[in-house]
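Reading through the structure tokens given below for one structure.
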Amino acid sequence: MAAHIEVKERAKNRVSGILGSRYPFLQGPMRLITLGEMAAAVSEAGGCGVIAASGLSGERLRQELKRARELTTRPVAVNIPIYRPNALEAMEIAIEEGVTVIYTSAGNPAKIMERARAAGVRIIHKVSNLEMGVKAQAAGVDAVVAMGFEAGGHVGREQITTFCLIPQLADALVIPVIASGGIADARGVAAAFALGAEGVEVGTRLVATHECPVPEFFKEAVCRASIGDTLLLGREAMPIRVLKNRVTARVAGMDETEADRRIASEGDAHYVQEGGDKDTAVMPCGQAAGMIKQVQHISEVVEAMMKNAGAIAKDIVHTLEEEAG
Ligand SMILES: Cc1cc2nc3c(=O)[nH]c(=O)nc-3n(C[C@H](O)[C@H](O)[C@H](O)COP(=O)(O)O)c2cc1C
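The sequence shown begins at 1 in our numbering and counts up by one.
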């Protein structure tokens, strides 16, 4: 009897418990992209949608939270980069609007833990190396999102890949680890769980969806990209993985100030949500783009990833057991 209860308890996924979602699937926050509508679509599909507070005024964040509420009754989280001057204001707005999970990044989560606990909000925090994970756990966060170097957007300076980061964090921490970076299909989900993760975060794969509000040229570029079509900008200070195009290829390898100066001198080069075209927009993108061939609905992506991962894992067990005789 006791053994039965133990198995049942272990079978309950801690990440979906924290997120309040059907699947332990977290949508990666993307500045000016993952707003109320996209986050709601992910939550409706069974994942946990995340509104990126970065770049939004307090009032706009409130509007996006209300928009999400109109579209889904499922929980939607908010990502707040802690170093931003309006981080505490964003947190208060999220709490007022009934958010139950705040996803912090870029700073020390210890700064907001007391307020989070008082409000009964769960905190998940993005890390890219072991030390950050240990520190976040000590600060009291509920889970870490561990992002490997192959991910789209800002990546860790230490260049640690998902395959090495996840097992080492899973061994070092007692809180659950959500794997991020390079996960774009059910094989990635199965691999992440095999490495010790209890959930996954997905960014690049969700860009190539009908619901993602980026320009069509970005989605087309993701679907056409091969594995070598991303590069790093700002290697020294805050490295960011983006799609290779005319502008980013020209400034790759330069230090951040020089790259910014050169991008500015192009006149028409911008972060993709602020302007530009396929040659001049800066489009954050992970190496997983190489395996994305088709724009799909978010619900199709989430279902295919989460439903097929178990079958893949069973197949692996079967093959390995047969091999071992
Ligand atoms: C277009 C794009 C924009 C992103 N913007 C942000 C951002 O504003 N803040 C952030 O914390 N992460 C950002 N990311 C990273 C994602 O949240 C996520 O961690 C990452 O995409 C996961 O790796 P993957 O791209 O291999 O799935 C962005 C990623 C992409 C692809």
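Note that the Cβ used here is the ideal one computed from N, Cα and C, for glycine as well.
Since the model is a prediction, treat every value here as computed from it, not as a measurement.
For VAL101, the enclosing beta strand (DSSP E) begins and ends at 101-105. The nearest non-hydrogen atom of ligand 1 is 7 Å or more from the C-beta of LYS314.
With a cutoff of 7 Å, THR204 counts as near ligand 1, since its C-beta is closer than that to a heavy atom of the ligand. Counting C-beta pairs closer than 8 Å gives three or more between the segment 41-54 and the segment 20-28, which meets the contact rule. Counting only unbroken stretches of 3 or more residues, the beta strand (DSSP E) elements lying wholly within the segment 131-168 are 143-147, in sequence order. Rounded to whole angstroms, the separation of the alpha carbons of THR230 and ALA170 is 28 Å.
In this structure, LYS126 has its beta carbon less than 7 Å from a heavy atom of ligand 1. Relative to ligand 1, PRO24 has its C-beta separated by 7 Å or more from all heavy atoms.
In this structure the segment 232-239 does not touch the segment 176-191; the number of beta carbon pairs closer than 8 Å is below three. Counted as a single uninterrupted DSSP element, the alpha helix (DSSP H) harbouring LEU19 occupies residues 14-19.
Closer than 7 Å to some heavy atom of ligand 1: that describes the Cβ of VAL207. By the CB criterion at 8 Å, PRO81 and VAL50 fall outside the cutoff.
Ligand 1 approaches ILE183 closely enough that one of its heavy atoms is under 7 Å from the residue's Cβ. Closest in alpha carbon position to LEU61, among ALA94, GLY203, GLN294, is ALA94. Under the 8 Å Cβ criterion, the segment 191-211 counts as touching the segment 286-300, having at least three qualifying pairs.
In the three-state reduction of the DSSP assignment, ARG31 falls in the coil class, being assigned neither a helical nor a strand state. Under the three-state reduction of DSSP, LYS126 is assigned to strand. Placement of the Cβ of ARG31 at a distance of less than 7 Å from at least one heavy atom of ligand 1 is found.
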